[in-house]
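The block underneath contains the structure these notes are about, expressed in structure tokens.
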Amino acid sequence: MTHFNVVVPVEGTDKKTRFRRVGALFENAHSETGEIYYTVQLDFPVGVTKLLAFPPRAEEVPEAAPGAEASGEPAG
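Quick note on this note's numbering: the sequence shown kicks off at 1 and runs consecutively.
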């Protein structure tokens with residue numbers, strides 16, 4: 001399953017912008033039509049007006065379980 005990290009920009013005291021992870025965005029496919037849609041799952045209630053989504057870093061991607069789809073496409 002394809003996913004992106006959902007982050008908010010945070011400006012540090014050094015005036016550099018860093019990105020704090022607040023959740024994840026998942027790509028899904030409708031089981032009957034195959035239509036692609038996205039789901040955002042927040043880690044906690046977020047009181048911001050701007051969310052950004054980035055692909056996860058390599059070290060954040062769990063290894064695929066044996067027999068799992070490696071293509072990122074939904075199984076089925």
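Note that the Cβ used here is the ideal one computed from N, Cα and C, for glycine as well.
Under DSSP, R21 shares a beta bridge with V7. The DSSP-derived three-state label of E59 is helix. Here F54 carries a strand assignment [DSSP, helix/strand/coil]. Check the Cα spacing between N28 and each of R21, I36, E11: the tightest is with I36. Around the beta carbon of V6, 16 or more other beta carbons sit within 10 angstroms, so the residue counts as buried.
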